[in-house]
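Trainee: One structure, pasted below without further comment.
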Amino acid sequence: MNKKREAAELGRIRTGYSRPNPNPDKGPIPVKSKTFVLTSHSREYIEQAAKLYGGRAEQWTPQRSSIAQWRVITEAPELKAILPAGDPLHQYNEKWGGGGCERRCDGITELLKGQPCVCLAKYGDTWYERSPMQVCRPTSRIGVFLPDMPDLGVWRLETKSHYAADVLAGGLDTVLQATEGKGLMPVRMWIEQRTRVVDGETKQFQVVMVVPSLPKLRHALSGPISTAAALDPSSLDRPAIEAGPAERPDYLAEARECRTADDVIAVWHRANNAGHGSDDLLGDLKAIAADIAKGIDPSTGEVTGDQDDGEPGPDADGAYPAEVVDDEPPADASAVSWPQAAQPGQGVRK
Numbered sequence: 001m002n003k004k005r006e007a008a009e010l011g012r013i014r015t016g017y018s019r020p021n022p023n024p025d026k027g028p029i030p031v032k033s034k035t036f037v038l039t040s041h042s043r044e045y046i047e048q049a050a051k052l053y054g055g056r057a058e059q060w061t062p063q064r065s066s067i068a069q070w071r072v073i074t075e076a077p078e079l080k081a082i083l084p085a086g087d088p089l090h091q092y093n094e095k096w097g098g099g100g101c102e103r104r105c106d107g108i109t110e111l112l113k114g115q116p117c118v119c120l121a122k123y124g125d126t127w128y129e130r131s132p133m134q135v136c137r138p139t140s141r142i143g144v145f146l147p148d149m150p151d152l153g154v155w156r157l158e159t160k161s162h163y164a165a166d167v168l169a170g171g172l173d174t175v176l177q178a179t180e181g182k183g184l185m186p187v188r189m190w191i192e193q194r195t196r197v198v199d200g201e202t203k204q205f206q207v208v209m210v211v212p213s214l215p216k217l218r219h220a221l222s223g224p225i226s227t228a229a230a231l232d233p234s235s236l237d238r239p240a241i242e243a244g245p246a247e248r249p250d251y252l253a254e255a256r257e258c259r260t261a262d263d264v265i266a267v268w269h270r271a272n273n274a275g276h277g278s279d280d281l282l283g284d285l286k287a288i289a290a291d292i293a294k295g296i297d298p299s300t301g302e303v304t305g306d307q308d309d310g311e312p313g314p315d316a317d318g319a320y321p322a323e324v325v326d327d328e329p330p331a332d333a334s335a336v337s338w339p340q341a342a343q344p345g346q347g348v349r350k
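Structure (structure tokens):
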């Protein structure tokens, strides 16, 4: 069975918190937060979050739980995060009770029992305007990486609002259009307070804004980006580093491998045409060509044996051969016409 693999959950990002009720007979009072609230079982994570985003790390116990955790109500107006590859958004209509999740619906079917949506059947299309005590709450969850926090894992952002769900889904659709779900995307997230008039009544609600955090719009619309760019989006707007000059060949090493003076002269032509010619290189190559002409191996300095001492020897009968005089003397490397080094500003002919 193939099962979707997900990164470990390190903590949660919330949009509200609760404060004690002065009336001991009533439960805590919910508070809509202007900034994100980070919670975790790890004290280390929350203390690090307080250093990064402001606020005070404190011990905290969630409602309907006896296990203490840690939380910080951040002071930073926004969080910088990274969306993982794939579709990170999960949205359901849920109703929770003391025994856990009682209903989870996709808007058409209640998934836990496989029956039609209870809220829609009972209250119609505007069911979400009723009290959370009566109906499910539209619940949106996304997992994000917080790149400046320790360890590899996701922080789950959760919000429960019908209007916030639409805004959040729209923002993430824009991100997915850019990445096609194939890569990471750096984003900025913040809580925005909004109002809506319904039947003459003004209602306040929160939305979580999630937008690509890139230097320019074209970067967000040009497809998936690299992991390095996701971690440092500013690198997308930096000019490319120009390649340095090509490595200069070792012309002397090439010449020492030559076996004729003409081959050494060819090495000089290549160097001169490439703009690397100089009087020093010309002198060194002339010396190597002269050694080759004398039968000296320029790589070892030893006589190759290809040439004799110039004195004729007797044959098997003790007779000396007749002297043969060439019409032209043998080539002398020092006498060959070597092109002069190109001077600065003259240009090199190609």
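For the sequence shown, the positions run 1 to 350 when my numbering is used.
Beta carbons: idealized from backbone N, C-alpha and C, even for Gly.
Because the structure is a prediction, the values reported are computed rather than measured.
Pull up the distance between the alpha-carbon of residue 103 and that of residue 145, whole angstroms please.
Mentor: If you number the sequence shown from 1, residue 103 lands on position 103. If you number the sequence shown from 1, residue 145 lands on position 145. Spanning the two alpha carbons is a distance of roughly 29 angstroms.
Trainee: For residue 353, which of helix, strand or coil comes out of DSSP?
Mentor: With the chain covering 1 to 350 only, the question about residue 353 has no answer from this structure.
Trainee: Going by C-alpha distance, which of 175, 94, 254 is nearest residue 230?
Mentor: Stepping through the sequence shown from its first residue, residue 230 is reached at position 230. For the residues 175, 94, 254, the minimum Cα distance to residue 230 belongs to 175.
Trainee: Could you tell me which of 274, 303, 41 sits nearest to residue 155, measuring between CA atoms?
Mentor: As a working mapping, residue 155 is identified with position 155 in the sequence shown. Nearest of 274, 303, 41 to residue 155, Cα basis: 41.
Trainee: Might you give, ordered along the chain, the residues of its own chain that have their beta carbon closer than 8 angstroms to the beta carbon of residue 109, omitting 5 neighbours on each side?
Mentor: By 1-based counting over the sequence shown, the position of residue 109 is 109. The answer, listed in chain order, is 115, 116, 117.
Trainee: What three-state label does DSSP hand residue 7 in the structure shown?
Mentor: The residue you call residue 7 lines up with position 7 of the sequence shown. Residue 7: coil per DSSP, three-state reduction.
Trainee: Restricting to runs no shorter than 4 residues, where is the alpha helix (DSSP H) found entirely within the segment 80 to 128?
Mentor: Correct list: 118 to 123.
Trainee: Anyone know if the C-beta pair for residue 186 and residue 165 falls short of 7 angstroms?
Mentor: Counted from its first residue, the sequence shown places residue 186 at position 186. Counted from its first residue, the sequence shown places residue 165 at position 165. Not in contact: residue 186 and residue 165 (Cβ atoms no closer than 7 angstroms).
Trainee: Alpha carbon to alpha carbon, how far is residue 303 from residue 317? Give it in angstroms, no decimals.
Mentor: Sequence index remark: in the sequence shown, residue 317 carries index 317 (1-based). Sequence index remark: in the sequence shown, residue 303 carries index 303 (1-based). Summary for residue 317: the model assigns pLDDT 47, below 50, so the residue's position carries little reliability; its value from the coordinates is reported in the next sentence. Computed Cα separation, rounded: 29 angstroms.
Trainee: Please identify the residue among 61, 289, 280, 88 whose C-alpha is closest to the C-alpha of residue 18.
Mentor: Reading the sequence shown from its first residue, position 18 is the one you call residue 18. Of the listed residues, the one whose Cα sits closest to residue 18 is 61.
Trainee: Can you name the residues that DSSP bridges to residue 40?
Mentor: In the sequence shown, residue 40 corresponds to position 40, counting from 1. DSSP, once it has assigned bridges, lists 70 as partnering residue 40.
Trainee: Would you report the Cα separation of residue 312 and residue 247, rounded to the nearest angstrom?
Mentor: Position 312 of the sequence shown, counted from the first residue, corresponds to residue 312. Position 247 of the sequence shown, counted from the first residue, corresponds to residue 247. With a pLDDT of 48 at residue 312, under the threshold of 50, the predicted position of this residue should be treated as unreliable, though the coordinate-derived value follows. Their Cα atoms are separated by approximately 49 angstroms.
Trainee: Among 184, 272, 298, whose alpha-carbon lies nearest the alpha-carbon of residue 259?
Mentor: Indexing the sequence shown from 1 puts residue 259 at position 259. It is 298.
Trainee: Beta-carbon separation of residue 162 and residue 128 under 7 angstroms?
Mentor: Locating residue 162 in the sequence shown gives position 162, counting from the first residue. Locating residue 128 in the sequence shown gives position 128, counting from the first residue. Yes; because the gap between Cβ atoms is below 7 angstroms, this pair is in contact.
Trainee: Going by the CB atoms, is the gap between residue 126 and residue 184 shorter than 7 angstroms?
Mentor: Translated into positions along the sequence shown, residue 184 becomes position 184. Translated into positions along the sequence shown, residue 126 becomes position 126. Their beta carbons are not under 7 angstroms apart, which means residue 184 does not touch residue 126 by this criterion.
Trainee: Quick check: what's the CA-CA separation for residue 100 versus residue 217?
Mentor: On the sequence shown, position 100 is the one that residue 100 refers to. On the sequence shown, position 217 is the one that residue 217 refers to. Those two C-alpha atoms are separated by around 43 angstroms.
Trainee: Output the boundary residues of the beta strand (DSSP E) element that contains residue 286.
Mentor: Numbered from its first residue, the sequence shown carries residue 286 at position 286. Unbroken run through residue 286 is the alpha helix (DSSP H), 279 to 293; no beta strand (DSSP E).
Trainee: On the criterion of 16 or more Cβ atoms from any shown chain inside 10 Å, does residue 343 qualify as buried, or is it exposed?
Mentor: Within the sequence shown, residue 343 is the residue found at index 343, counting from 1. Residue placement at residue 343 cannot be trusted, given a pLDDT of 48 that sits under 50; the coordinates are not used to answer.
Trainee: Measure from the alpha carbon of residue 58 to the alpha carbon of each residue in 69, 65, 64, 209, then state which is nearest.
Mentor: In the sequence shown, residue 58 corresponds to position 58, counting from 1. Measuring from the Cα of residue 58, the nearest candidate turns out to be 69.
Trainee: Flag this pair as yes or no: are the beta carbons of residue 53 and residue 74 separated by less than 7 angstroms?
Mentor: Indexing the sequence shown from 1 puts residue 53 at position 53. Indexing the sequence shown from 1 puts residue 74 at position 74. Yes.
Trainee: Secondary structure at residue 170, three-state DSSP: helix, strand or coil?
Mentor: Translated into positions along the sequence shown, residue 170 becomes position 170. Reduced to three states, the DSSP call for residue 170 is helix.
Trainee: Please report the straight-line C-alpha distance between residue 263 and residue 222, rounded to a whole angstrom.
Mentor: On the sequence shown, residue 263 is found 263 positions in, with the first residue counted as 1. On the sequence shown, residue 222 is found 222 positions in, with the first residue counted as 1. In a straight line, the C-alpha of residue 263 is about 53 angstroms away from that of residue 222.
Trainee: Between the C-alpha atoms of residue 251 and residue 267, what's the straight-line distance to the nearest angstrom?
Mentor: Locating residue 251 in the sequence shown gives position 251, counting from the first residue. Locating residue 267 in the sequence shown gives position 267, counting from the first residue. Going from the Cα of residue 251 to the Cα of residue 267 covers about 7 angstroms.
Trainee: Just grab the DSSP bridge partners of residue 13 for me.
Mentor: Working through the sequence shown from its first residue, we reach residue 13 at position 13. 38, 157, per the DSSP bridge assignment.
Trainee: How is residue 345 classed by DSSP in three states: helix, strand or coil?
Mentor: As a working mapping, residue 345 is identified with position 345 in the sequence shown. For residue 345, the predicted model reports a pLDDT of 41, less than 50, meaning its position is unreliable; a value from the coordinates is still stated below. Three-state result, residue 345: coil.
Trainee: Assign residue 233 to one of two classes, buried (16 or more other C-beta atoms within 10 Å of its C-beta) or exposed (fewer than that).
Mentor: On the sequence shown, residue 233 is found 233 positions in, with the first residue counted as 1. The residue is buried, with at least 16 neighbouring Cβ atoms inside 10 Å.
Trainee: Name the DSSP beta bridge partners of residue 60, please?
Mentor: The residue given as residue 60 occupies position 60 in the sequence shown. According to DSSP, which records beta bridges pairwise, residue 60 is partnered with 69.
Trainee: Can you tell me whether DSSP reads residue 29 as helix, strand or coil?
Mentor: As a first step, residue 29 is located in the sequence shown; it is residue number 29 there, counting from the start. If DSSP states are grouped into helix, strand and coil, residue 29 belongs with the strands.
Trainee: Does any CB atom of chain B fall closer than 7 angstroms to the CB of residue 155?
Mentor: Checking the listed chains, one finds no chain B in this structure; it contains a single protein chain.
Trainee: Is residue 82 near residue 147, with beta carbons less than 7 angstroms apart?
Mentor: Sequence index remark: in the sequence shown, residue 82 carries index 82 (1-based). Sequence index remark: in the sequence shown, residue 147 carries index 147 (1-based). It is a contact, given that the beta carbons lie within the stated cut-off.
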